[in-house]
Amino acid sequence: MNKLTIKVPGSTANLGPGFDSIGLAVNLYLRVEAVRSERWEFSYETPGFESIPTNEDNLIYKAAQFTAKQKGMTDELPAHHVTVTCELPLASGLGSSAAAIVAGIELADQLLALSLSKQEKARIASLYEGHPDNVAASVYGGLVIATHHEDETFVVESGTPELDMVIMIPNQELLTSESRDVLPTTLTFQASTRASSVANVLVASLLKGDVRTAGKMMRKDLFHQPYREKIVPDLPVISAFGEEKGIEGVALSGAGPSIMCYTNVGKGAEALQTLQAAFPVYQCRLLQPAKEGSTVTVVNETFSKK
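Reminder that position 219 of the sequence shown reads as 218 in numbering that gives the first Met the number 0, one-by-one numbering, no gaps.
Okay, here's the thing in structure tokens:
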């Protein structure tokens, strides 16, 4: 009998103006252990996940089933008992859903012997999620620049930036669907051109290792943050505070409500202390980019869960 162990990094997306196209893997992880069982069952060892379905309504299972269908597999997925531990808070902007989707794809890949490439995994995940930023970062690790289309998903691996990050997690959750409701349906040609130019400079500065310029572009985003300030009112406050204290960049982590602060390597611990003291209602944590994407380990076992 085999026990599967799957490890998927969380992610932060957008980084300001890179809306739905830029993702960065972070060193917080979703871990899954799966062994054969008489039925599908999911158990969470991390507090705060009590509301997550423990049967075939679980997102990990749904993503696994979706993967099977995408590859034309008609056989049922063999039932497993899945134990989950997750360092990613729910609905906080750290890609918890994306990590679960990637875990499901990895699970199906192993159970059905699909031998999927990273490119195929990212494509399937993007089809399921609707956009590639978080899922591609969780598959590949590091910084990814991606675009998703009906016929193909393009992902460019862009290395791992040398920087420190401080995630600021509020007490409340914010569903991505709610955060998208405040966005406009259209932008003018002039606004779109300027917003795209800001995103282009963000990417170039990250690739060059220029965290200061990248931070300036985060504050000049026109795609989503000006609209989401309505539901995350602390964003402009923390951004202004960070600029005053020499913190290079501040941006929503994905759709929020968490806020990610970016500094040069070695300055993260000081930034953490400064931010936590000034904003005690937030849970602040020092993070680094995760170089490696999702991984799978297969261990021989002599038992199965009943």
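Cβ coordinates follow ideal geometry from the N, Cα and C atoms, glycine included.
Small disclaimer: the values here were computed from a predicted structure and weren't measured.
DSSP places I21 in the uninterrupted beta strand (DSSP E) bounded by I21 to R35. Exposed is the label assigned to K68, since fewer than 16 other Cβ atoms lie within 10 Å of its Cβ.
If you draw a straight line from the Cα of Q272 to the Cα of T11, it comes to about 21 angstroms.
In the structure shown, M164 adopts extended strand secondary structure according to DSSP, grouped into three states.
With a minimum length of 3 residues, the unbroken runs of beta strand (DSSP E) contained wholly in the stretch 234-300 fall at 248-251, 258-262, 282-286 and 294-299.
Per DSSP, the continuous beta strand (DSSP E) segment holding L142 begins and ends at L142 to H147.
N1 places its beta carbon less than 9 angstroms from that of V34. Annotation for C85: L29 and T45 place their beta carbon closer than 6 angstroms to its own, counting only its chain and skipping 5 residues before and after. Taking C-alpha positions only, V197 is separated from G267 by approximately 25 angstroms. Secondary structure at E105: helix, using DSSP grouped into helix, strand and coil. DSSP, reduced to helix, strand and coil, places L3 within a strand of the structure shown. Shown here for L221: same chain residues with a beta carbon closer than 8 angstroms to its own, the five before and five after excluded, namely P16, L186, A190, R193, A194 and V197 in chain order. In the structure shown, A12 adopts extended strand secondary structure according to DSSP, grouped into three states. A straight-line Cα-Cα distance of about 24 angstroms links V7 and N170. A contact is defined here as three or more CB-CB pairs under 8 angstroms, and the stretch 52-64 fails this definition with respect to the stretch 283-296.
Non-local C-beta neighbours of S91 in its own chain, meaning closer than 6 angstroms and more than five positions away in sequence, comprise I168 and S257, ordered along the chain.
Per DSSP, F188 is one residue of the alpha helix (DSSP H) stretching across F188 to K207. Beta-bridge annotation (DSSP): V154 is paired with A145. For F41, the uninterrupted beta strand (DSSP E) run begins and ends at E40 to Y43, by DSSP.
Contact between A250 and M259 holds, with the beta-carbon distance rounding to 6 angstroms and staying under 8 angstroms. Contact between V101 and V154 is absent: CB atoms are separated by about 13 angstroms, not below the 8 angstroms threshold. In this chain, the alpha helix (DSSP H) harbouring T66 covers L58 to Q69. Within 10 angstroms of the beta-carbon of S114 lie fewer than 16 other beta-carbons, which makes it exposed. Across the set V210, P77, S36 and R122, the C-alpha of P77 shows the shortest separation from the C-alpha of Q109.
In the DSSP secondary-structure assignment, H223 is not bridged to any residue. Leaving aside the five residues that flank T82 on each side, the residues in its chain whose CB is nearer than 6 angstroms to its CB run, in chain order, E32 and S42. Every alpha helix (DSSP H) of 4 residues or more that sits fully in the stretch 71-137 is shown, in chain order, as 95-110 and 117-128. Rounded to the nearest angstrom, the gap between the Cα atoms of D132 and A97 is 9 angstroms. By the neighbour-count criterion, in which 16 or more other beta carbons inside 10 Å mark a residue as buried, G245 falls on the exposed side. For R284 and T73, the gap between their C-alpha atoms comes out near 44 angstroms.
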